[in-house]
Amino acid sequence: MKRTLLLASLGLPLLLHATTIGELFDALKNHPQTRADEVLIRQAENGMEKAYAKLYPDITLFASYDHYNTPTGMLPVPPNELLPMVKNKEEPQPFSKDISRLGVTVGMPLFVKSIFTYADKAKKMQQSARLKKRINLLKNEAIIVGANANLHYLEAMQKALRSKRASLQKTKSFINLKVKSGRAPKSALFKINDGLSQVNIALNNIAIGKTKAIETIDALTGLHLRHAVSMHQKKTLHEGEITALDPLKKKLEADRLELKAQKEKLYPSLFLKGSYVKSFADAYNNDKSIDEEYSDIGVALKVPLYPKSQYAAIDHSRLALQKSRLELKKEELSLQAQANRLKSVLPMLEASVKLYKDSVADKKRLLEIAKVAYQSQRMSTEDYLKYEDDLVTQEAKLHEAEAKKWQTLMQLAVIYTNPIEEIVK
């Protein structure tokens, strides 16, 4: 811990390591993709708040100063009140060239059908965003498990190749003695050396492959693996409805509501409106300071008669709905076909793993027999090397099948949205 704090204080980069699959899953929750999905959820929540906010009164305070080139009324004055003012020169008339005003206006929808529909749409978008976040998290967890399974495969291959190299080096020592004593041709030594070179080339390629798998996990978690972390299947996969389609289904429902809301904008709308104004000025007829109050409140009914742009908006929403419907159908067919293939492949891979394990055990015994036969000069170098190659090849197939089994299981977990953290331990 002290070393970590020292490196941090010096501004040196920290290389964090993971030791369990759970640590990788926990680190994934802080990945930018996961956080971006959380922002989308908050945006959808904000959309719902904006829709409901339109139901609240819109209250505005204002202050103004106006100059006119001719005396202007501060407020409407009825004729029966204005005539006495005109006759009495001492009484100020509410007219002036310079008028200051303070006031407040209020507006509020009493009936606008589309507001409620937009709120329902925002709710569907929020549900879609939550489901999408879950799917994206599962996809990234599946990538981590698949990359870790691939890392297991590469490390198992490294172990098998190192075992083969040790076996070849031991055989080389034996052949070297026979070549020096003249009991074996020098070409046998060349063949063993070539076999060792091929092993070293394969080990180098595996090391390159490991860096790619480690990079994949590092990019998703920010944690660097030295070795593959252990994992085993804790729970069985639960099949059923393809719930990976749920985000698209919610989006389709939202698009339906969008079309409905656009149509509802053609409905009549009812609004409450009102204002209060306090005006200040010097009367034009006697320059006396006056102030007047003026207020109004009312209800307005708006009926769209021929809103051409709104009909265009309806057509646009209808096309967007058709597109969403086709995208959902396309994804449904694709995922169903993928699920059918993966479900048929998974038991085959499980059977292959068992068969390969048995085969590897047999080939190990055959290699031991071949070593004895080769040392007894009852087998050629080529035939002996073939046994060495057969064992490594079969071990490669075994570990490759195990990796594919994990990757297939994870793909199905995403399609059926099974909690991967509960399946993999």
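In this text, residue positions in the sequence shown follow the numbering used here: the first is 12, and each later residue adds one. Yeah, the Cβ is synthetic: ideal placement off N, Cα and C, and Gly gets one too. Computed from a predicted structure; not experimentally measured.
Once DSSP output is grouped into helix, strand and coil, what is the label at Leu21? Only weak support is given to the placement of Leu21: the predicted model assigns it a pLDDT of 41, under 50, and the value that follows is read from those uncertain coordinates. Coil, per DSSP.
Give the range of the beta strand (DSSP E) segment to which Met96 is assigned. Not the beta strand (DSSP E): Met96 falls in the alpha helix (DSSP H), residues 90-98.
Below 7 Å CB to CB, which residues in the same chain sit around Gln262 once its five sequence neighbours on both sides are set aside? Note that residue 262 corresponds to Lys in the displayed sequence, not to Gln. Hits under 7 Å: Ser139, Ser335.
Delimiting residues of the alpha helix (DSSP H) encompassing Pro43: 43-64
Taking its Cβ as the centre, do 16 or more other Cβ atoms sit within 10 Å of Asn159, making it buried, or is it exposed? By the Cβ-count criterion, Asn159 is buried, with 16 or more other Cβ atoms from all chains shown falling within 10 Å of its own Cβ.
Cβ separation of Val435 and Lys245, assumed to be a contact under 8 Å, to the nearest whole Å: 7 Å
Opening and closing residue of the alpha helix (DSSP H) in which Gly206 lies: 197-232
Buried versus exposed call for Ser290 [16 or more other C-beta atoms within 10 Å across all chains shown]: buried
Can you look up His78 in the DSSP assignment and give me helix, strand or coil? The answer is strand: DSSP assigns His78 an E or B state.
Inter-residue CB distance, Leu148 and Thr45 (contact presumed, cutoff 8 Å): 6 Å
Where Ser345 and Asp266 are concerned, what is the direct C-alpha to C-alpha distance, given to the nearest angstrom? 22 Å
Residues bridged to Gly3 [DSSP beta-bridge criterion]: Nothing about residue 3 can be read from this structure; the chain reaches only from 12 to 436.
Reducing DSSP to helix, strand and coil, say where Arg14 ends up. The predicted model places Arg14 with a pLDDT of 41, which falls under 50 and marks its position as unreliable; any figure quoted below should be read in that light. In the structure shown, Arg14 sits in a helix (DSSP, three-state: H, G or I).
What ranges does the beta strand (DSSP E) occupy inside the stretch 341-395, keeping only unbroken runs of at least 3 residues that lie completely in it? none
Own chain partners of Ile225 with C-beta closer than 6 Å, once the 5 adjacent residues on each side are dropped: Leu236
Taking a contact to mean a Cβ-Cβ separation below 8 Å, would you say Leu86 touches Pro68 in this structure? no
8 Å CB neighbourhood of Ala412 in its chain, flanking five on each side removed: Within the same chain, and ignoring the five residues on either side of Ala412 in sequence, the residues whose Cβ sits closer than 8 Å to its Cβ are Leu360, Ser363, Val364, Tyr367.
Please specify which runs of the beta strand (DSSP E), each continuous and at least 3 residues long, are wholly inside the stretch 236-306, giving them in chain order. You should have 280-293.
Which partner residues does Gly309 have in the DSSP bridge list? Lys284
To the nearest angstrom, how far is the alpha carbon of Gln405 from that of Asn211? 18 Å
Cα-Cα, which of Ala294, Ile217, Lys276, Gly157 is closest to Ile32? Gly157
What's the gap between the Cα of Glu56 and the Cα of Glu49? 11 Å
Pairwise C-alpha distance: Thr30 and Met12: At Met12 the pLDDT is 37, less than 50, meaning the model places this residue with poor confidence; the figure from the coordinates comes in the next sentence. Going by the C-alpha atoms only, they are around 17 Å apart.
According to the neighbour-count rule (16 or more other Cβ atoms, all chains shown, within 10 Å of its Cβ), is His163 buried or exposed? buried
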